[in-house]
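Reading the sequence shown from the start, the letters are residues 1 to 133 in UniProt numbering.
Notes follow the structure.
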Amino acid sequence: MGGNGSLTRGEEAADASKVSDQSAERTKSLVDWMNLIKPANGEKDHWVLDEAVSKCTSCGSDFGAFNRRHHCRNCGDNLCDKCTKGRIALTAEENAQQVRVCDRCMAEVSQRLSNAKEAVSKPAGLQSHEDLV
Numbered sequence: 001m002g003g004n005g006s007l008t009r010g011e012e013a014a015d016a017s018k019v020s021d022q023s024a025e026r027t028k029s030l031v032d033w034m035n036l037i038k039p040a041n042g043e044k045d046h047w048v049l050d051e052a053v054s055k056c057t058s059c060g061s062d063f064g065a066f067n068r069r070h071h072c073r074n075c076g077d078n079l080c081d082k083c084t085k086g087r088i089a090l091t092a093e094e095n096a097q098q099v100r101v102c103d104r105c106m107a108e109v110s111q112r113l114s115n116a117k118e119a120v121s122k123p124a125g126l127q128s129h130e131d132l133v
């Protein structure tokens with residue numbers, strides 16, 4: 001520092017560089033966090049485009065600042081928060097993550113997972129009376 005408390009040009013440049021580096025690091029951290037919470041591109045292939053829908057496809061409420069749109073991870077429809085309360089794993093894998101699904105898909109996915117677990121647990125030679133009819 002100079003004798004009167006002011007910074008030299010070299011010190012000013014170093015301070016500006018330090019602030020810039022800190023800002024870039026915060027931005028990088030935010031981007032890393034956003035990448036963790038956003039769905040993978042493969043998951044979004046079947047999603048209905050946001051621009052194609054202005055209302056919840058289940059209840060018909062308008063999307064806006066206070067009524068955000070969400071995608072069902074099973075069918076891909078645009079729905080409001082009230083119509084996507086369900087959280088369920090889409091596969092029968094033991095460590096499968098639970099994801100947001102619409103009310104319509106919740107029953108379908110639950111049944112599909114139940115059928116898959118039942119098929120795995122049933123011995124190969126054993127048949128139910130429905131299978132014999």
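Even glycine gets a Cβ: it sits at the ideal position worked out from N, Cα and C.
- In this model, S110 and I88 are separated by some 8 angstroms (Cα to Cα).
- Beyond the five residues adjoining it in sequence on each side, K117 comes within less than 8 angstroms, by CB distance, of A92 in the same chain, given in chain order.
- Of K44, A65 and D77, the smallest CA-CA separation from S58 is found for D77.
- When only Cα atoms are considered, G64 and Q97 end up about 29 angstroms apart.
- Excluding its 5 nearest sequence neighbours in each direction, N67 has C-beta neighbours in its own chain below 7 angstroms: S61 and C80, listed in chain order.
- For the pair D103 and C83, the CB atoms are nearer than the 8 angstroms cut-off.
- Residue range D103 to S121 is occupied by the alpha helix (DSSP H) that includes R104.
- Straight-line spacing of the CA atoms in V48 and R112 works out to 23 angstroms.
- If you draw a straight line from the Cα of S54 to the Cα of A119, it is about 41 angstroms long.
- DSSP places D62 in the strand class (E or B) of the three-state scheme.
- Residue burial annotation: H71 is buried, with at least 16 other C-beta atoms found within 10 angstroms of its C-beta.
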